[in-house]
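Okay, so the sequence shown: first residue is 0 according to numbering that gives the first Met the number 0, each after it adds one. We treat Cβ as the ideally placed atom computed from N, Cα and C, and that holds for glycine.
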Amino acid sequence: MEKAGGSRKKGLKRKRAAEEPQEAAVVEDGATDSGGQAPKATAFPPGFSISEIKNKQRRHLMFTRWKQQQRKEKLATKKKLKKEREALGDKAPPKPIPKTIDNQRVYDETTVDPNDEEVAYDEATDEFASYFNRQTSPKILITTSDRPHGRTVRLCEQLSTVIPNSHVYYRRGLALKRIIPQCISRDFTDLIVINEDRKTPNGLILSHLPNGPTAHFKMSSVRLRKEIKRKGKDPTEHVPEIILNNFTTRLGHSIGRMFASLFPHNPQFIGRQVATFHNQRDYIFFRFHRYIFRSEKKVGIQELGPRFTLKLRSLQKGTFDSKYGEYEWVHKPREMDTNRRKFHL
0 MEKAGGSRKK
10 GLKRKRAAEE
20 PQEAAVVEDG
30 ATDSGGQAPK
40 ATAFPPGFSI
50 SEIKNKQRRH
60 LMFTRWKQQQ
70 RKEKLATKKK
80 LKKEREALGD
90 KAPPKPIPKT
100 IDNQRVYDET
110 TVDPNDEEVA
120 YDEATDEFAS
130 YFNRQTSPKI
140 LITTSDRPHG
150 RTVRLCEQLS
160 TVIPNSHVYY
170 RRGLALKRII
180 PQCISRDFTD
190 LIVINEDRKT
200 PNGLILSHLP
210 NGPTAHFKMS
220 SVRLRKEIKR
230 KGKDPTEHVP
240 EIILNNFTTR
250 LGHSIGRMFA
260 SLFPHNPQFI
270 GRQVATFHNQ
280 RDYIFFRFHR
290 YIFRSEKKVG
300 IQELGPRFTL
310 KLRSLQKGTF
320 DSKYGEYEWV
330 HKPREMDTNR
340 RKFHL
């Protein structure tokens, strides 16, 4: 029995000795060999596949080493191209534009052309023409769903400090169909309703009065002022500037005009406050900032809050009517979201 055990030990020693050269080839970064010199970077053979390594720890080590090697090669290539561009100076070729989902967007036939006569006629005769002609000034009523919780109430209060001439009204079981006539009789131009689910704001209804249209949005990623890192002081009473980005189609143009009609037409630049509605892949990101010019080339930006993201669900003609209302556009995910590069706003 002792001889058999001894032969097994000798066999294990031979097997380990055979495996030692392979193990010595894999050395972690920063380690040194027996001579005290730093090891050279491991060069993987052309047909090498990390997935073929059965040992989990060895496979993870080799994958980490491969990622480091790829990162070093990418950095070296980037530095080389930068030196070549500096050497060529003005003769350097233009930088290649990376392919993204946004710039590979499928062309939409309803894209708005500013010089189109039909678009100009629609703008002069739509429901927002009186606002853009400065015949009416915005007066906004902000309300909530029935029995709102604290987070929704605070969002409404903070929105009232962002939108000038806006008033918060707390609903007490009153239906929207009864609220809208009261708003019209009191000269309100727009109605904003914040809906909630599980104590979290999850929807926004924007209705332009007295003749519509009405838009329904899904709301997500809501952050109040106290939840924003490095936020600035509370906003002042100055009328903010408005930035509308990437509302290029006829539908997006209408939504952009709805947002613009919430704010007075004469911004006070001395307040240095900006409300931004940025559309990207049919998601509308709202941000509220204060800016300052540090020099001729540098601008400092400080977020004031709140912030949230909107996704258009439907656009309805006239005021809110969930039963008999006529819809101009309704989002149908199974029919409209078949192509990732197809956008509607």
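Proximal residues to residue i (C-beta, below 8 Å), its chain only, five neighbours per side dropped
{"i": "ILE242", "result": "VAL273, ALA274, THR275, PHE276 and HIS277"}
{"i": "ASN432", "result": "In the structure as shown, the chain begins at 0 and stops at 344. Residue 432 is therefore absent and cannot be evaluated."}
{"i": "ASN338", "result": "VAL105"}
{"i": "ALA16", "result": "Any reading at ALA16 is ruled out, since the residue's pLDDT is 45, under 50, leaving its predicted position unreliable."}
{"i": "GLN157", "result": "LEU223, ARG224, GLY304 and PRO305"}
{"i": "PHE287", "result": "VAL161, PRO234, PRO239, GLN272, VAL273, ALA274, THR275, GLU302, LEU303, GLY304, PRO305 and ARG306"}
{"i": "ALA346", "result": "Because the chain in this structure spans residues 0 to 344, residue 346 falls outside the shown range and cannot be described."}
Cβ pair residue i, residue j closer than 8 Å
{"i": "PHE268", "j": "GLU240", "result": "yes"}
{"i": "SER206", "j": "THR213", "result": "yes"}
{"i": "LEU314", "j": "TRP328", "result": "yes"}
{"i": "GLU126", "j": "ASN210", "result": "yes"}
{"i": "GLU325", "j": "LYS316", "result": "yes"}
{"i": "PRO263", "j": "PRO147", "result": "no"}
{"i": "VAL298", "j": "PHE292", "result": "yes"}
{"i": "PHE258", "j": "HIS252", "result": "no"}
{"i": "LEU175", "j": "PHE62", "result": "no"}
{"i": "GLY172", "j": "ILE227", "result": "no"}
{"i": "ARG256", "j": "GLN103", "result": "no"}
Cβ separation of residue i and residue j, assumed to be a contact under 8 Å, to the nearest whole Å
{"i": "LEU311", "j": "THR109", "result": "Not quite, the Cβ-Cβ distance comes to about 14 Å (not below 8 Å), so this is no contact."}
{"i": "ILE139", "j": "LEU309", "result": "Wrong, their Cβ atoms sit about 16 Å apart, outside the cutoff."}
{"i": "LEU190", "j": "LEU203", "result": "Actually they are not in contact, since the Cβ atoms of LEU190 and LEU203 sit about 11 Å apart, beyond 8 Å."}
{"i": "ILE300", "j": "TYR290", "result": "5 Å"}
{"i": "LYS342", "j": "ARG280", "result": "Rather than Lys, the amino acid found at residue 342 in this sequence is Phe. Going by Cβ atoms, the distance from PHE342 to ARG280 rounds to 6 Å, so yes, they are a contact pair."}
{"i": "VAL161", "j": "PRO95", "result": "At roughly 40 Å, the Cβ-Cβ gap does not stay under 8 Å, so VAL161 and PRO95 are not in contact."}
{"i": "THR188", "j": "THR135", "result": "6 Å"}
{"i": "VAL111", "j": "THR142", "result": "That pair is no contact at about 32 Å."}
{"i": "THR248", "j": "ASP107", "result": "5 Å"}
Nonlocal neighbours in the same chain, by C-beta distance under 6 Å from residue i, ignoring five residues either side
{"i": "SER144", "result": "ASN194 and GLU195"}
{"i": "PRO163", "result": "VAL238 and PRO263"}
{"i": "GLY29", "result": "In this prediction, GLY29 has a pLDDT of 43, which is less than 50 and means its spatial position is unreliable; what the coordinates show is noted afterwards. Within the same chain, GLY29 has no close Cβ partners at all."}
{"i": "GLU334", "result": "none"}
{"i": "GLU27", "result": "With a pLDDT of 42 at GLU27, under the threshold of 50, the predicted position of this residue should be treated as unreliable, and no value is reported."}
{"i": "ARG229", "result": "none"}
{"i": "TYR130", "result": "SER260"}
{"i": "LEU74", "result": "none"}
{"i": "HIS215", "result": "ILE204, ARG312 and SER313"}
{"i": "ALA91", "result": "ARG84"}
Heavy atom of the ligand PLP within 7 Å of residue i beta-carbon
{"i": "GLN301", "result": "Looking at this structure, you won't find the ligand PLP or any other ligand, since it has none at all."}
Contacting residues, own chain, Cβ-Cβ under 7 Å from residue i (five flanking each side not counted)
{"i": "ARG58", "result": "ILE49 and ILE52"}
{"i": "ILE183", "result": "LEU208 and PRO209"}
{"i": "ARG133", "result": "HIS264"}
{"i": "PRO332", "result": "none"}
query: Along the chain, which unbroken stretches of the alpha helix (DSSP H) at least 4 residues long are found entirely within the region 159 to 228?
result: The region 159 to 228 is shown to contain whole alpha helix (DSSP H) runs of 4 or more residues at 175 to 184, in chain order.
- prompt: Do the region 137 to 153 and the region 166 to 173 make contact, defined as three or more Cβ pairs closer than 8 Å?
  reply: yes
message: Taking 8 Å as the cut-off, does the region 220 to 227 touch the region 75 to 95 (at least 3 CB pairs, one atom from each stretch)?
response: Short answer: they don't touch.
- request: List in chain order: all unbroken beta strand (DSSP E) runs of 3+ residues lying wholly within the region 224 to 284.
  value: 240 to 244 and 272 to 279
- prompt: Unbroken alpha helix (DSSP H) runs of length 4 or more, entirely within the region 127 to 155: which are they?
  reply: 128 to 131
query: Which ranges does the alpha helix (DSSP H) cover as unbroken runs of at least 4 residues, wholly within the region 60 to 135, from first to last along the chain?
result: Taking only runs of at least 4 residues, the alpha helix (DSSP H) segments lying wholly in the region 60 to 135 are 116 to 124 and 128 to 131.
task: Taking only runs that begin and end inside the region 306 to 343, name each unbroken alpha helix (DSSP H) of 4 or more residues, in chain order.
output: Listed in chain order, the complete alpha helix (DSSP H) runs (minimum 4 residues) inside the region 306 to 343 are 332 to 335.
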